[in-house]
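In this note's numbering, the protein residues as written are 11 to 200. For every residue, glycine included, the Cβ atom is placed at its ideal position computed from N, Cα and C. Please read all numbers here as calculations on a predicted model, not as lab measurements.
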């Protein structure tokens, strides 16, 4: 059963990378994967369920890839790299990001799973970087890395909302807004 869900998600994710939401129709995915209609509808009762699952899968893949390719530079550059990767993902998939993320906000008045989970995972990555910098003596030993990570993720979310709410702001614009905040956050930690 897990293999069938995985087959649907893999096919849908490949389509998403090419055409975002346009290719995400359960009927054609059923034809491509051979999963029965009943099983497919059990896994994804609505198109929105499919879209959210695919978006999360692609977002998780991007996050893992960007963390694996983290440059061996200073802490600020690493944090900026992670932000840039995420902002470029959202800018590249602006239509679906709006559909999924703004829908998640407006539908329930706040973030909901799986997006809360994604922001939590991002916080964990940032805490790990900050702890590594603390051990290496690059930030002071009394720094509260959990508090700093929460502030960092709130800066990230502000950039996400800027990207989603404005056609004029691209990934570079979100970076231009957020990077000075990252610098201001790190300055007292040094």
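- Nearest to residue 70 by alpha-carbon distance, out of 147, 31, 56, 92, is 92.
- The three-state reading of DSSP puts residue 62 in helix, counting H, G and I together.
- Straight-line spacing of the CA atoms in residue 96 and residue 182 works out to 11 Å.
- Between the beta-carbon of residue 199 and that of residue 134 there is about 18 Å, and that puts the pair past the 8 Å contact cut.
- Counting along the chain, residue 82 sits inside no alpha helix (DSSP H), nor does DSSP assign it H or E at all.
- Nearest to residue 156 by C-alpha distance, out of 136, 145, 189, is 136.
- Bounds of the alpha helix (DSSP H) holding residue 182 are 181-196.
- Less than 9 Å divides the Cβ of residue 17 from the Cβ of residue 43.
- Judged by beta-carbon spacing, residue 187 lies beyond the 9 Å limit of residue 90, meaning their Cβ atoms are not closer than that value.
- Runs of the alpha helix (DSSP H) spanning 4 or more residues and lying entirely within the stretch 24-73 occur at 36-43, 47-53, in chain order.
- Judged by DSSP in its simplified three-state form, residue 168 adopts helix.
- By the Cβ neighbour-count rule, residue 88 is buried, with 16 or more other Cβ atoms within 10 Å of its own.
- DSSP places residue 106 inside the alpha helix (DSSP H), whose first and last residues are 104-107.
- DSSP, read as helix, strand or coil, puts residue 149 in coil.
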